[in-house]
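Colleague: After the structure tokens below, expect a handful of questions from me.
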Amino acid sequence: MATIYHNLSEYDFSSVPDASGMRFGIVVAEWNSNITWALLDGCINTLKKHGAKDENLCIQTVPGSFELTYGAAQMIKNKEVDAVIALGCVIRGDTPHFDYICAGVTQGLSLLNATTDTPVIYGLITTENMEQAQDRSGGKLGNKGDECAVVAIKMIDYTCKLKK
112 MATIYHNLSE
122 YDFSSVPDAS
132 GMRFGIVVAE
142 WNSNITWALL
152 DGCINTLKKH
162 GAKDENLCIQ
172 TVPGSFELTY
182 GAAQMIKNKE
192 VDAVIALGCV
202 IRGDTPHFDY
212 ICAGVTQGLS
222 LLNATTDTPV
232 IYGLITTENM
242 EQAQDRSGGK
252 LGNKGDECAV
262 VAIKMIDYTC
272 KLKK
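Everything in the sequence shown is counted per my numbering, starting at 112 for the first residue and increasing by one.
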């Protein structure tokens, strides 16, 4: 469903499992930092709202959104995390660079999901302009970081249920 019809920060609080024993890796792109830091704030606040502890949050930055795949892969390989949340923002410009970056990140994060046992949450905002990015990072359409936190908690819970 299009974001315009759904606030990214609205969800049924009672449908989210307790996150107090869960460990989260968060990889954040530095490029478009006014957006990505807002996504990170939303993500952390929502994780903590559901019981996540500071000591169970591993937060690292990478230079840009294209590097999110490598950052997530290294987080999985080198840290004991139950899920990785990749947060970034790509805003369309005048060249096809936007298309290459968005496709590369999408394919890379999808590959990690298909080939590792750790859920990787797609928190890449891809917009036509800065206003749309702001609307999705704490503006009138909510915060994609909130949504990614909820998805991470639910995917960890899903993975734990499969192992029982």
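Even for Gly, the Cβ is constructed at its ideal location relative to N, Cα and C.
Can you tell me where the alpha helix (DSSP H) holding Leu248 begins and where it ends?
Modeller: This sequence places Ser at residue 248; Leu is not what is there. Ser248 -> not in any alpha helix (DSSP H); beta strand (DSSP E) instead, spanning 248-250.
Colleague: When the distance is taken between beta carbons, is Ala197 closer than 9 Å to Leu168?
Modeller: Cβ atoms of Leu168 and Ala197: not closer than 9 Å.
Colleague: If you draw a straight line from the alpha carbon of Val127 to that of Ile236, how long is it in whole angstroms?
Modeller: So the alpha carbons of these two residues sit roughly 23 Å apart.
Colleague: With a threshold of 16 other CB atoms inside 10 Å of the CB of Ser248, please say whether the residue is buried or exposed.
Modeller: Buried is the call here.
Colleague: Hey, Arg134 and Val173: beta-carbon distance below 9 Å or not?
Modeller: No.
Colleague: Are the segment 209-217 and the segment 267-275 in contact at 8 Å, needing three or more beta carbon pairs?
Modeller: Too few Cβ pairs lie closer than 8 Å, so no.
Colleague: Please look up how many angstroms separate the CB atoms of Thr157 and Asp257, rounded, as I've assumed it's under 8 Å.
Modeller: Indeed, because the Cβ distance is near 5 Å, the residues count as touching under 8 Å.
Colleague: Suppose the cutoff is 6 Å on Cβ atoms and the five residues either side in sequence are ignored; what does the same chain contact list for Ile232 look like?
Modeller: If we look at Ile232 and ignore the five residues flanking it on each side, its Cβ neighbours are Ile196, Cys259, Val262, Ala263.
Colleague: What is the C-beta distance between Val201 and Ile212, in whole angstroms, given that I count them as a contact (C-beta under 8 Å)?
Modeller: Correct: roughly 5 Å between the Cβ atoms.
Colleague: Could you tell me the distance, in whole angstroms, from the CA atom of Asp123 to the CA atom of Glu242?
Modeller: Those two C-alpha atoms are separated by around 27 Å.
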